[in-house]
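So in full-length UniProt numbering, spot 23 of the sequence shown is number 23, and the numbers just go up one at a time. Ideal Cβ positions, reconstructed from N, Cα and C, are used throughout, including at glycine. Bear in mind that the values here come from a model prediction, so they are computed numbers and not experimental data.
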Amino acid sequence: MIRKCLFPVAGYGTRFLPATKSMPKEMLPVVNKPLVQYGVEEAVEAGLDNITFVTGRGKRAIADHFDISYELEHQIAGTAKEEYLTGIRSIIDKVNFSFTRQHEMKGLGHAILTGEPLIGDEAFGVVLADDLCIGGEYDGVMAQMVKLFKQFRCTIVAIQEVPEDEVHKYGVIAGESISDDIFRVTNMVEKPKKEDAPSNLAIIGRYILTPDIFEKIRETPPGANGEVQITDAILRQAQEGCVIAYKFKGRRFDCGSVDGFVEATNYCYENIYKEN
């Protein structure tokens, strides 16, 4: 029912300079696997086998990663090292990849709108690779949200509780509780001051969006720094119809920050890499 997942990966990753001067931040390795691959694996687990990237200048390494490397594979063929490529080869064999470029950085809303020609008139997932989500004993976050979409058939955003002194970093929702972990959104505020935040329920980088979002984005005027905020467009959907906020099960690491990236690396090493 949902086949496509969009990855906005055009950002510069300035918080990781100089490492990201010539390498996409999404290709930074969390142990032995680039950050973006974790996100793609999560999408594929949820049944989303058409992966779309909205890229920018200097991002060719992402396309190369999700492609066959004939020279490398020839060199290690028949050796023990060949098994290191099993995971990525499985993804390449299962998934259709498509790419388009965002020529100007005008915010997440603009990035998603740039992907419209590759998405078309259907609901789709969005994964922000900066947010590494580990389901652990549960399904992946995107798989949880796909199940929820089958029930509600509307836009769904993933949320988590954050400390009140960190709400200014996020889009924050207010909502009517449907159950312990499901809310019908009544308001959304992008990066509010602590005193203006409607709650401490922050949107993280997982969305399922219905196709009318593209028209809502087109109708959304640019905000601060000339950026088009996806939060404003989703709020329009909530006001005119229904948007569900879902407090997901699992752990999320903010790999857009150095502290979160190091925490994610340590966690994945101890709980995934060593166990495999």
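- In this structure, Phe-149 sits away from Arg-206, with a CB-CB distance that is not shorter than 9 Å.
- Ranking His-103, Gly-47 and Tyr-12 by CA distance to the CA of Asp-139 puts Gly-47 first.
- Boundaries for Cys-242: no beta strand (DSSP E) harbours it, and the DSSP string shows neither H nor E there.
- The region 89–104 makes contact with the region 36–55: 3 or more CB pairs, one atom from each, lie closer than 8 Å.
- Only residues of its own chain outside the window of five on either side were considered, and among them none has a CB closer than 6 Å to the CB of Glu-41.
- The three-state secondary structure of Lys-147, taken from DSSP, is helix.
- Within the region 175–212, the runs of beta strand (DSSP E) that reach at least 3 residues and sit entirely inside it are, in chain order, 182–190 and 201–209.
- DSSP places Ser-90 in the uninterrupted alpha helix (DSSP H) bounded by 86–94.
- Contact check for Ile-244 and Ile-182: beta-carbon distance about 6 Å, within the 8 Å limit, so the pair qualifies.
- The shortest CA-to-CA distance from Asp-130 to any of Glu-227, Ala-143, Gly-39 and Asn-225 is the one to Gly-39.
- Between the C-alpha atoms of Met-27 and Val-189 there is a straight-line separation of about 31 Å.
- Arg-218 is positioned such that its CB atom lies closer than 9 Å to that of Leu-113.
- Straight through space, the alpha carbons of Asn-32 and Lys-81 are spaced by roughly 13 Å.
- A direct Cα-Cα distance of roughly 44 Å separates Gly-109 from Ala-77.
- Here Lys-4 carries a strand assignment [DSSP, helix/strand/coil].
- At the C-beta level, Gln-144 and Gly-135 come within 9 Å of one another.
- By the neighbour-count definition (other C-beta atoms within 10 Å, threshold 16), Gln-37 is a buried residue.
- Shown here, Lys-33 sits in a strand according to DSSP, grouped into three states.
- Residue pairing by DSSP places Cys-133 opposite Arg-252 in a beta bridge.
- In the DSSP assignment, Gly-58 falls outside any beta strand (DSSP E), carrying neither H nor E.
- In terms of Cα proximity to Gln-239, the closest of Pro-34, Tyr-70, Thr-155 and Glu-164 is Thr-155.
- Checking the DSSP bridge columns, you'll see Val-167 has no partner listed.
- In the DSSP assignment, Ser-98 forms a beta bridge with Thr-52.
- Distances from the alpha-carbon of Gln-151 to those of Leu-128, Val-162, Pro-163 and Ile-178 put Ile-178 closest.
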